[in-house]
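First up is the structure itself, then whatever we jot down about it.
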Amino acid sequence: MVASVEPTTRVKVRDKLRLAMRPSRLHVFDAKTEAAI
Amino acid sequence: MRDAADILGIGELLKRKPRQLSGGQRQRVALGRAIVRHPRVFLFDEPLSNLDAKLRVQMRVELKKLHLRLGTTAIYVTHDQVEAMTLGDRVVVMKDGVVQQVGEPLELYNQPANKFVAGFIGSPAMNFAAVTVTAANGSLMAENSGLRIKLPDETAQRLRGHIGHEVTLGVRPEDLTVAGIADPDHLCFDAVIEVVEQLGSEILLDMVRLARASWWRAWSRPRG
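Heads up: the sequence lines are chains A and B, in that order. Going by the working numbering, the first sequence wraps up at 299, each residue one higher than the last. Going by the working numbering, the second sequence wraps up at 304, each residue one higher than the last.
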């Protein structure tokens, strides 16, 4: 999974980070047809 | 011809041989040959695909300016979603010769018609995960082994008919933020950073959830 974060975020490999999803920006697709729901 | 050369900024190159021109200059000459015919429609078939990255960006801007100046309809074929997003007034996304969606660039970005369009438009590509829709205490949840997200009301409304069924959840990298205290737990998760890509204007993090790797590995990052 890839996350794009602010350039000022201080992170390095093996750091543990808590992320939040923007609820209004979630997308859902039918598992068989792959059409947006 | 002189007008076309002036538009393209190649007036000083007209006496040169093709081999004396750079890749970008040759592209401009090719455009000039099309412009002097005063076509009703331009057909561009991946015109920037053989240019290096820097020149491709420059020529993309030039094409945009040219289009605004001439006002001529152009059909532009590309595999580069950035070109499609930046140059197109309307974009037709095709897969195996079948139209997947037609719309304005932001319409495709915000409301992709299917998983293919969602994965094609946007860079880095959207993350996907297989989840099952469940109901609990009047709310709908998206669940997988180790994952339990309470779906927002708007999304839940659309998924009422999918309770008990598997669906694919998609979230763009730019729609993930470093969690703050105001973020509800049911939309947060912990992950471990595997790769850090510093781009200057943003940081891309390739991540994996440590404690529940079986679920977290279910997230896939389409590779182009």
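Where is the CB? At the ideal position from N, CA and C, for every residue including glycine.
(request) Identify whether B:Asn-190 lies in helix, strand or coil by the three-state DSSP scheme. (result) For the purposes of this step, residue 190 of chain B is taken as the residue at position 110 of the second sequence. DSSP places B:Asn-190 within a helical segment (H, G or I) once states are collapsed to three.
(request) In the DSSP assignment, find the alpha helix (DSSP H) that holds B:Ala-110 and state where it starts and stops. (result) Along the second sequence, read from residue 1 onward, the residue named residue 110 of chain B stands at position 30. For B:Ala-110, the enclosing alpha helix (DSSP H) stretches over residues 103-115.
(request) State the Cα-Cα distance for the pair B:Val-197 and B:Phe-269, rounded to the nearest angstrom. (result) Your numbering for residue 197 of chain B matches position 117 in the second sequence. Your numbering for residue 269 of chain B matches position 189 in the second sequence. C-alpha separation (whole angstroms): 26 Å.
(request) Would you be able to state if there are at least three C-beta pairs under 8 Å between the stretch 94-108 of chain B and the stretch 275-284 of chain B? (result) No contact exists between the stretch 275-284 of chain B and the stretch 94-108 of chain B.
(request) Just the chain A side, please: which residues come within less than 9 Å of B:Phe-269 by C-beta, in chain order? (result) Taking the second sequence and counting its residues from 1, the one referred to as residue 269 of chain B is at position 189. Annotation: Cβ neighbours of B:Phe-269 in chain A (cutoff 9 Å, chain order): Arg-280, Leu-281, Ala-282, Met-283.
(request) Look up A:Lys-278 in the DSSP assignment and say whether it is helix, strand or coil. (result) By 1-based counting over the first sequence, the position of residue 278 of chain A is 16. In this structure, A:Lys-278 counts as strand in the three-state DSSP scheme.
(message) Give me the residue from A:Lys-274, A:Pro-269, A:Ala-265 with the minimum Cα distance to B:Leu-315.
(response) Only positions 81 to 304 of chain B appear in the structure, and residue 315 of chain B is not among them; the question remains open.
(request) Quick one: grab the DSSP three-state call for B:Asp-86. (result) Locating residue 86 of chain B in the second sequence gives position 6, counting from the first residue. In this structure, B:Asp-86 counts as helix in the three-state DSSP scheme.
(message) In whole angstroms, give me the CA-to-CA distance for B:Gly-241 and B:Ser-219.
(response) If you number the second sequence from 1, residue 241 of chain B lands on position 161. If you number the second sequence from 1, residue 219 of chain B lands on position 139. If I take the Cα positions, the gap works out to 13 Å.
(request) Establish whether the CB of B:Phe-122 and some CB of chain A are separated by less than 8 Å. (result) Here residue 122 of chain B corresponds to residue number 42 of the second sequence, with the count starting at 1. Interface flag for B:Phe-122 against chain A is unset, since no Cβ pair is found closer than 8 Å.
(message) Rounding to the nearest angstrom, what Cα-Cα distance links B:Gln-181 and B:Phe-200 in this structure?
(response) Numbered from 1 along the second sequence, position 101 holds the residue referred to as residue 181 of chain B. Numbered from 1 along the second sequence, position 120 holds the residue referred to as residue 200 of chain B. Roughly 11 Å between the two C-alpha positions.
(request) Tell me B:Phe-122's beta-bridge partners as DSSP assigns them. (result) What you label residue 122 of chain B is simply residue 42 of the second sequence in a count that begins at 1. B:Ala-154.
(message) Give me the residue from B:Gly-202, B:Asn-224, B:Tyr-156, B:Pro-204 with the minimum Cα distance to B:Val-211.
(response) Mapped onto the second sequence, residue 211 of chain B falls at position 131. Comparing Cα positions, the closest option is B:Asn-224.
(message) Quick check: A:Ala-282 and A:Phe-291, are their CB atoms within less than 8 Å of each other?
(response) Locating residue 282 of chain A in the first sequence gives position 20, counting from the first residue. Locating residue 291 of chain A in the first sequence gives position 29, counting from the first residue. The answer is no: Cβ separation not under 8 Å.
(message) Check for me: the beta strand (DSSP E) holding B:Gln-278 runs from which residue to which?
(response) In the second sequence, the residue the question calls residue 278 of chain B occupies position 198. Per DSSP, B:Gln-278 belongs to the beta strand (DSSP E) from 268-278.
(message) Distance check for B:Asn-207 and B:Arg-149, CA to CA, integer angstroms please.
(response) Taking the first residue of the second sequence as 1, we reach residue 149 of chain B at position 69. Taking the first residue of the second sequence as 1, we reach residue 207 of chain B at position 127. Here the alpha carbons of B:Asn-207 and B:Arg-149 stand approximately 38 Å from one another.
(request) Anything in chain A within Cβ reach of B:Phe-196, meaning under 8 Å, just list it in chain order. (result) What you label residue 196 of chain B is simply residue 116 of the second sequence in a count that begins at 1. Ordered by position in chain A, the residues that pass the 8 Å Cβ test against B:Phe-196 are Glu-296.
(request) Flag this pair as yes or no: are the beta carbons of A:Arg-287 and B:Val-251 separated by less than 8 Å? (result) Here residue 287 of chain A refers to the residue found at position 25 when the first sequence is read from its first residue. Here residue 251 of chain B refers to the residue found at position 171 when the second sequence is read from its first residue. For A:Arg-287 and B:Val-251, yes; Cβs fall inside 8 Å.
(message) If you measure between the beta carbons of B:Leu-284 and B:Pro-204, is that distance less than 8 Å?
(response) The count along the second sequence starts at 1 and reaches residue 284 of chain B at position 204. The count along the second sequence starts at 1 and reaches residue 204 of chain B at position 124. Taking the C-beta atoms as reference points, B:Pro-204 is found nearer than 8 Å to B:Leu-284.
(request) Count the other CB atoms, across all protein chains shown, that sit within 10 Å of the CB of B:Asp-132; report buried if there are 16 or more and exposed otherwise. (result) Here the question's residue 132 of chain B lines up with position 52 in the second sequence. Classification of B:Asp-132: exposed, given that the 10 Å Cβ count is below 16.
(request) Starting from the beta carbon of B:Ala-215, find every residue of chain A whose beta carbon is closer than 9 Å, and list them in chain order. (result) Counting from 1 along the second sequence, the entry for residue 215 of chain B is found at position 135. Chain A residues near B:Ala-215: none, gap ~15 Å exceeds 9 Å.
(request) Pick helix, strand or coil for A:Thr-270, following the three-state DSSP scheme. (result) Taking the first residue of the first sequence as position 1, residue 270 of chain A is located at position 8. Reduced to three states, the DSSP call for A:Thr-270 is coil.
(message) Quick check on the DSSP output: the beta strand (DSSP E) that includes B:Arg-228 runs from which residue to which?
(response) If you number the second sequence from 1, residue 228 of chain B lands on position 148. Looking at the DSSP string, the run of the beta strand (DSSP E) that includes B:Arg-228 is 227-230.
(request) Report all residues from its chain with a CB closer than 7 Å to the CB of B:Leu-143; omit the five preceding and five following residues, and keep chain order. (result) As a first step, residue 143 of chain B is located in the second sequence; it is residue number 63 there, counting from the start. Hits under 7 Å: Leu-167.
(request) Starting from B:Leu-167, trace the alpha helix (DSSP H) both ways and give me its first and last residue. (result) Translated into positions along the second sequence, residue 167 of chain B becomes position 87. Judged by DSSP secondary structure, B:Leu-167 falls within the alpha helix (DSSP H) whose first and last residues are 161-167.
(message) Quick check on the DSSP output: the alpha helix (DSSP H) that includes B:Asp-233 runs from which residue to which?
(response) In the second sequence, the residue the question calls residue 233 of chain B occupies position 153. Taken as a continuous stretch (DSSP letters only), the alpha helix (DSSP H) holding B:Asp-233 covers 233-238.
(message) Considering only the alpha carbon of each residue, which of B:Arg-117, B:Ser-129, B:Thr-158 lies closest to B:Thr-152?
(response) As a working note, residue 152 of chain B is residue 72 in the second sequence. When each option's Cα is compared against that of B:Thr-152, the closest is B:Arg-117.
(request) Identify whether A:Lys-294 lies in helix, strand or coil by the three-state DSSP scheme. (result) In the first sequence, counting from the first residue as 1, residue 294 of chain A sits at position 32. If DSSP states are grouped into helix, strand and coil, A:Lys-294 belongs with coil.
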